[in-house]
Amino acid sequence: MQDGQVVMRLPRFRVRVLEGADAGAFAEAKAGRLVVGSSSQCDLRLSDRAVSRFHAEFTATASGIALEDLGSTNGTRIGSVRIERATLPADVELGVGRTRLLLELGDSHEELRGGRSRFGELLGSSPAMQSVYSLLEKAAPTDVPVLLLGESGTGKELAARAVHDASSRAAGAFEVVDCGGLPPTLIESELFGHEKGAFTHAISARAGAFERAHGGTLFLDELGELPLEVQPKLLRALGEGEVRRVGGARRERVDVRIVAATNRDLRSEVNLGSFRADLYYRIAVMEVRLPPLRDRSEDIPELARHLLERIARERRLSQVIEPGAELLSALQKQRWEGNVRELRNYLEQLAVLKVPPPMREAPNADEALGEFDDLLRRPWREAKQELVERFERQYLEAALQASDGNVAQAARHAGVDRGTLFRSIRRLGLRGDD
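See below:
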């Protein structure tokens, strides 16, 4: 790819308030995104009390403007229909709370240019990755906090490491804390350290991640899992630049750059009250969303070759598998729900076995429709509604069974925020322990 080549043209757009307390107000999308809500962090801030803090997000894509409701209390509507996700036509009117909005498309497009195929250990030349590289490049030289968003396996830790390595702190430490892997008492110790005797088994004093990362970068993985009772302590440490060890009295000055990651929608969590708004504002100064592998399948051949070379080196294999065109085509057709992590797992099996392991075949549309002949004789909207509800019910029943009824755990497995899953469970009359 030549330097500066146009890799994507995104429509410019703005959202205008037609009716409501803020009639006449409008906001234009920045970098292809626009968030509507009552929070001061939103691009279009509304004073309507029926509007959630983070209510809805509009995103420019190659196929149009995508709308996502952010788990709002009162929903986002087109006419009388409540919408969770949709691709919108131009000049469509929407309702949020007691406010009516108008989506207006501009006459011009924003051109996304790119010329690189990697940033740190992140690989890919697709338009989606060019956008990621552009944001990470802008963030790296600064000390602003970065929030990395995306499904599990999309490379959030690689992105965090790349930001650190491209920053002025590259010679300093890069500390990782998994916020979802420890109970509240231990996560405090991991973050802030502890003194001898602070709790059972604290047989000696220990510096926490903030102290260990002094002069470097602290990566907070799975930030959305951080217990609510620990969140104000993290906020205080970020605001004051000081930490106090568990069981200690002295405060230590710390100089760290924060990069965080989550597969949850923290704006929805803020709306639900399970994540502090002030902590979100402190950390989400720059948000970067890493795309799932299925949305950048053109990167798979390059990724596969790179991963096979790396696997051969790490496993000390005598031969590097060279994937043929047929295999690469098959890899590109897979959905890879586990993203690059799942792709690597498959390629490791290939490298050891020397033959391609079986793949999960994509469902045949004709065969799938053949199972529902009775539905095909009914109106499209009615048949679709029944199929969607049947899928939701079966999926949620299986997810709840696998998690012993734990809604939070089921939501993590499903890759959706807890509030969305809980509302679906309640709507379908299922039982789960929140």
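Add 736 to a position in the sequence shown, counting from 1, and you land on the number used in the working numbering. Glycine is no exception: its CB is placed at the ideal position from the N, C-alpha and C atoms.
- Task: May I ask you to verify whether the region 852–869 touches the region 903–918, counting CB pairs closer than 8 Å and requiring at least 3?
- Result: The region 852–869, when compared against the region 903–918, does not touch it at the 8 Å Cβ threshold.
- Task: Within 10 angstroms of the Cβ of Asp987, are there 16 or more other Cβ atoms? Answer buried if so, exposed if not.
- Result: Note that residue 987 is Arg in the sequence shown, not Asp. By the 10 Å Cβ count, Arg987 comes out exposed.
- Can you tell me whether Leu830 is buried or exposed, with buried defined as 16 or more other CB within 10 angstroms of its CB? Buried, by the Cβ-count rule.
- Message: With the cut-off set at 8 Å, would you say Arg1018 and Pro881 are in Cβ contact?
- Response: Closer than 8 Å, so yes.
- Task: Tell me Arg987's beta-bridge partners as DSSP assigns them.
- Result: In the DSSP assignment, Arg987 forms a beta bridge with Arg980.
- Message: The beta strand (DSSP E) that contains Glu911, what's its start and end?
- Response: Looking at the DSSP string, the run of the beta strand (DSSP E) that includes Glu911 is 910–914.
- Just how far apart, CA to CA, sit Lys1090 and Leu883? Cα to Cα, Lys1090 sits roughly 40 Å from Leu883.
- Are the CB atoms of Met1095 and Ala1066 nearer to each other than 8 Å? Yes; because the gap between Cβ atoms is below 8 Å, this pair is in contact.
- Message: Which same chain residues end up closer than 7 Å to Arg948 when comparing Cβ atoms and leaving out the 5 residues on each side of it in sequence?
- Response: So the list reads Ala909, Glu911, once near-sequence residues are dropped.
- Where does His930 fall in DSSP's three states? When DSSP states are grouped into helix, strand and coil, His930 belongs to the strand group.
- Determine the DSSP secondary structure at Ile1036, reduced to helix, strand or coil. In the structure shown, Ile1036 adopts helical secondary structure according to DSSP, grouped into three states.
- Using the Cα positions of Pro968 and Leu1002, report the straight-line distance between them to the nearest angstrom. So the two alpha carbons sit approximately 16 Å from each other.
- What do you reckon, are the CB atoms on Ser774 and Ser788 nearer than 8 Å? For Ser774 and Ser788, yes; Cβs fall inside 8 Å.
- Measure the alpha-carbon distance for Glu1171 versus Ala798 and round it to whole angstroms. Nothing can be reported for residue 1171, as the shown portion of the chain is limited to 737 through 1170.
- Message: Only counting the same chain, and skipping five residues up and downstream in sequence, which positions put a Cβ closer than 6 Å to that of Arg1000?
- Response: Annotation for Arg1000: Gly960, Asp1153 place their beta carbon closer than 6 Å to its own, counting only its chain and skipping 5 residues before and after.
- Look at the alpha carbon of Asp843 and the alpha carbon of Leu1053, and state the distance between them as a whole number of angstroms. So the alpha carbons of these two residues sit roughly 55 Å apart.
- Message: I need the straight-line Cα distance from Met737 to Leu871, nearest angstrom please.
- Response: Residue confidence for Met737 is low, a pLDDT of 42 falling below 50, so the modelled location carries little weight and cannot support an answer.
- Task: Report all residues from its chain with a CB closer than 8 Å to the CB of Ala906; omit the five preceding and five following residues, and keep chain order.
- Result: For Ala906, where only same-chain residues beyond five positions count, the Cβ hits under 8 Å are His900.
- Query: In terms of alpha-carbon separation, which member of Ala1135, Pro825, Glu1005 lies closest to Gly800?
  - Reply: That would be Pro825, whose Cα lies nearest to the Cα of Gly800.
- Message: Once DSSP output is grouped into helix, strand and coil, what is the label at Gly1155?
- Response: In the three-state scheme derived from DSSP, where H, G and I count as helix and E and B as strand, Gly1155 is classed as helix.
- Message: By the DSSP assignment, the beta strand (DSSP E) with Phe762 in it spans what residues?
- Response: If you look at Phe762, you'll find it in the beta strand (DSSP E) that goes 762–764.
- Task: Taking the CB atoms as reference points, tell me whether Leu770 and Ala763 lie closer together than 8 Å.
- Result: Judged by beta-carbon spacing, Ala763 lies within the 8 Å limit of Leu770, meaning their Cβ atoms are closer than that value.
- Beta carbon of Asn1075 nearer than 8 Å to that of Gly933: Contact: no.
- Proximity below 8 Å, CB of Ser808 to CB of Ala792: Yes.
- Look at the Cβ atom of Ala945, then the Cβ atom of Glu926, and state whether they are nearer than 8 Å. In this structure, Glu926 lies closer than 8 Å to Ala945 by Cβ.
- When the distance is taken between beta carbons, is Val828 closer than 8 Å to Ile814? At a Cβ-Cβ threshold of 8 Å, Ile814 and Val828 count as neighbours.
- Query: Where does Val1088 land, buried or exposed, given buried means 16+ other C-beta within 10 angstroms?
  - Reply: Note on Val1088: under 16 other CB atoms within 10 angstroms of its CB, so exposed under the neighbour-count rule.
- Query: For Ala765 versus Arg752, is the C-beta spacing smaller than 8 Å?
  - Reply: No, the pair does not count as a contact, with Cβ atoms beyond the cut-off.
- Straight-line CA distance for Leu1132 to Leu1008? Roughly 20 Å separates the two Cα atoms.
- Query: Using the beta-carbon count (16 or more within 10 Å), is Ser1004 buried or exposed?
  - Reply: With 16 or more Cβ atoms within 10 Å of its Cβ, Ser1004 is classed as buried.
- Please state whether DSSP places Leu1105 in a helix, a strand or coil. Any answer about Leu1105 is weak, because its pLDDT of 47 lies below 50 and its placement is not dependable; what the coordinates show is given next. Reduced to three states, the DSSP call for Leu1105 is helix.
- Message: Tell me which residue opens and which closes the alpha helix (DSSP H) that Val1006 is part of.
- Response: 1002–1008 is the extent of the alpha helix (DSSP H) around Val1006.
- Nearest-angstrom Cα separation, counted from Glu1073 out to Ala1101: Caution is warranted here: a pLDDT of 45 is assigned to Ala1101, below 50, making its placement in the model unreliable, and the coordinate value is therefore given only provisionally. The straight-line gap from Cα to Cα measures roughly 19 Å.
- Message: One question on the structure: do Leu1166 and Leu1123 come within less than 8 Å of each other, judged by their Cβ atoms?
- Response: Result no, Cβ atoms of Leu1166 and Leu1123 do not sit closer than 8 Å.
- Item | Selection from Arg1030, Val995, Ser1033, Asp805 that minimises the alpha carbon distance to Tyr1016 | Val995 is the residue among Arg1030, Val995, Ser1033, Asp805 whose C-alpha sits nearest the C-alpha of Tyr1016.
- Residues bridged to Asp957 by DSSP? Beta-bridge partners assigned by DSSP to Asp957: Asp914.
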